[in-house]
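Colleague: This structure is in structure tokens; I'll ask about it shortly.
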């Protein structure tokens, strides 16, 4: 059966074909999104399979946890819950006050958006980019460009969706840019990733801009991708050098990008609380009328 | 005869499948950059053993699959794998008769070539910065290859893959 004199196409021809096909793929990469999505859905069982050892380890760590460890964890969680609920009481008061003030000004009231918890799957990704793979995909309504946050701040955005998984680009990746503003004085900037997990940079900041170490950066909502007001990073260094046109500002992301496990997917347009949406317009006309009278 | 051939083909694809699986398996942070190139080595083995059946286009298809799984630009690993396998297929007879240590060194060089091609393409496309870490897999592949070779040869003989 073994062909000693292999006829048919030569190796050179095969190589040329492979190179041409690869170059076509490389050039058309962005137009191939639908193809990629369906192929990726086809291959996602492999990802689930590769995730099994990690999941098993997690499971065994959980099931072999001692009673003592659980008690300690429980105590810590109770403590946190108490702190959080106290904060929430104040938050509720502030939220109502804010809504009333906004109604006075006649500006639209902010709505809560739909959220979903997703788990990070432990599979390897392209070492040249900073990705994580989530265990929810198009079937759960995940879409490309969707904002992703964790308990502390913005994590990144979805760049690729398959049927059962999705890929998130972290905000520290070199190709990621995020419109932010400083909470202290509302100065707007764009935060770019540097490729380091614990560092992002703000480019093209004029030397005279009022930025200080310790300033909190939140999403500005410009760019229509991230909803406004999610914390992003804290400024850790402001360097102005004489030779440079701009100040060099670096910040540290608030989200713990090196140990993310559970993330929140956000649907910015969709409200979870219809009663809040219904209540807002009812309040507004009464408040707006005096403004119109002037 | 037919059943045997089908079994053999199946065995090869199972090893390639396992190669992909090991390639995307999670590893602890410390050893992540040392991940050997399982898929590449498995393809090299089959290209040396059966160059008329498993060659450049097989490598290309597997490369596309790997690109999709890793979330990279389509075509990067496809191109790198086909280039490496081209070199292997050209010299398969010589590689077969190399002493084991020489073969291992050659595999290391091929892994280096593979990573340099990938880095170069990433550099052209998205301006990646070069870090010596990218070449660590060559070292771990050097250690793994002799053992992988023995296992795959066993598979080949057991299933009489021809």
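Protein chains in written order, with the numbering used here: chain A, 1 to 294; chain B, 1001 to 1162. Note that the Cβ used here is the ideal one computed from N, Cα and C, for glycine as well. Being a predicted model, the structure only gives us computed values, none of them experimental.
#1: Along the chain, where does the beta strand (DSSP E) containing residue 237 of chain A start, and where does it finish?
#2: Using the rule of at least 16 other Cβ atoms within 10 Å of the residue's Cβ for burial, across every protein chain shown, is residue 262 of chain A buried or exposed?
#3: Against chain B, does residue 156 of chain A count as a neighbour if the rule is that its beta carbon must be under 9 angstroms from one of theirs?
#4: Using the rule of at least 16 other Cβ atoms within 10 Å of the residue's Cβ for burial, across every protein chain shown, is residue 186 of chain A buried or exposed?
#5: Sorted by chain position, which residues of the same chain lie with C-beta nearer than 7 angstroms to residue 156 of chain A's C-beta, five sequence neighbours on each side aside?
#6: What residues from chain B crowd round residue 126 of chain A, counting only those whose CB sits closer than 8 angstroms?
#7: Could you spell out where the alpha helix (DSSP H) holding residue 252 of chain A opens and where it closes?
#8: Starting from residue 179 of chain A, trace the beta strand (DSSP E) in both directions and tell me its first and last residue.
#9: In terms of alpha-carbon separation, which member of B:1018, B:1052, B:1073 lies closest to residue 126 of chain A?
#10: Leaving aside the five residues before and after residue 1020 of chain B along the sequence, list all residues of the same chain whose C-beta is less than 6 angstroms from its C-beta, in chain order.
#11: Regarding residue 115 of chain A and the ligand ADP, is the C-beta to nearest heavy atom distance less than 8 angstroms?
#12: Taking 9 angstroms as the threshold (beta carbon to beta carbon), is residue 43 of chain A in contact with chain B?
#13: Just to confirm, are residue 164 of chain A and residue 137 of chain A a CB contact at a threshold of 9 angstroms?
#14: What separation, rounded to the nearest whole angstrom, lies between the Cα atoms of residue 273 of chain A and residue 115 of chain A?
#15: What's the gap between the Cα of residue 66 of chain A and the Cα of residue 77 of chain A?
#16: Is it buried or exposed for residue 1115 of chain B, if we count other Cβ within 10 angstroms and need 16 for buried?
#17: With respect to the beta strand (DSSP E) encompassing residue 121 of chain A, which residues constitute its N-terminal and C-terminal limits?
#18: I think residue 1138 of chain B touches residue 1089 of chain B, with their Cβ atoms under 8 angstroms apart; what is that distance to the nearest whole Å?
#19: Could you tell me the distance, in whole angstroms, from the CA atom of residue 239 of chain A to the CA atom of residue 1146 of chain B?
#20: Could you say which of A:195, A:161, A:151 lies nearest to residue 142 of chain A if we only look at CA atoms?
#21: Take every Cβ of the segment 9-29 of chain A, pair it with every Cβ of the segment 1051-1067 of chain B, and state whether three or more of those distances are shorter than 8 angstroms.
#22: What are the uninterrupted segments assigned as beta strand (DSSP E) that are 3 or more residues long and contained completely in the segment 153-212 of chain A, given in chain order?
#23: Between which residues of its own chain and residue 1066 of chain B is the CB-CB distance below 7 angstroms, once the five residues before and five after are set aside?
#24: Check residue 269 of chain A in the structure and name its three-state DSSP category.
#25: Could you check the C-alpha separation between residue 252 of chain A and residue 1093 of chain B for me, to the nearest Å?
#26: Can you find a CB in chain B that lies within less than 9 angstroms of the CB of residue 129 of chain A?
#27: Just confirm the distance between the C-beta atoms of residue 1084 of chain B and residue 1113 of chain B, as a whole number of angstroms; I'd bet it's less than 8 angstroms.
#28: Is DSSP giving residue 48 of chain A helix, strand or coil here?
#29: Identify every residue that forms a DSSP beta bridge with residue 264 of chain A.
#30: Along the chain, which unbroken stretches of the beta strand (DSSP E) at least 3 residues long are found entirely within the segment 15-62 of chain A?
#31: With DSSP collapsed to three states, give me the class of residue 66 of chain A.
#32: What does DSSP give as the partner residues of residue 217 of chain A in its beta bridges?
#33: Any chance the segment 1118-1138 of chain B sits against the segment 1026-1034 of chain B, with 3 or more Cβ pairs inside 8 angstroms?
#34: For residue 1094 of chain B, would you say it is in contact with chain A, using Cβ-to-Cβ distances shorter than 9 angstroms as the test?
#35: Name, in chain order, the residues that DSSP records as bridge partners for residue 133 of chain A.
Modeller: Let me spell this out:
#1: 231-239
#2: exposed
#3: no
#4: Classification for residue 186 of chain A: exposed.
#5: 148, 168, 169, 170, 171, 176
#6: 1070, 1071, 1072
#7: Residue 252 of chain A -> not in any alpha helix (DSSP H); beta strand (DSSP E) instead, spanning 247-253.
#8: 177-182
#9: B:1073
#10: 1039
#11: Absence of the ligand ADP is noted for the structure shown, with no ligands found whatsoever.
#12: yes
#13: yes
#14: The pLDDT assigned to residue 273 of chain A is 49, lower than 50, so where the model puts this residue is not dependable; a value taken from the coordinates is nonetheless given after this. Straight-line spacing of the CA atoms in residue 273 of chain A and residue 115 of chain A works out to 12 angstroms.
#15: Straight-line Cα distance between these residues: approximately 17 angstroms.
#16: buried
#17: Unbroken beta strand (DSSP E) run through residue 121 of chain A: 113-121.
#18: 21 angstroms between Cβ atoms; not a contact.
#19: 53 angstroms
#20: For the set A:195, A:161, A:151, the Cα lying nearest the Cα of residue 142 of chain A is the one of A:161.
#21: yes
#22: Annotation note: the segment 153-212 of chain A contains the following uninterrupted beta strand (DSSP E) runs of length 3 or greater, listed N- to C-terminal: 154-161, 166-170, 177-182, 188-193, 200-205.
#23: 1020, 1023, 1039, 1077
#24: strand
#25: 55 angstroms
#26: yes
#27: Right, their Cβ atoms sit about 6 angstroms apart.
#28: helix
#29: Beta bridge pairing from DSSP links residue 264 of chain A with A:117, A:149.
#30: none
#31: coil
#32: A:182, A:233
#33: Using a Cβ-Cβ distance cut-off of 8 angstroms, the segment 1118-1138 of chain B and the segment 1026-1034 of chain B are in contact, since at least three pairs of beta carbons, one from each stretch, lie closer than that value.
#34: no
#35: A:121, A:167
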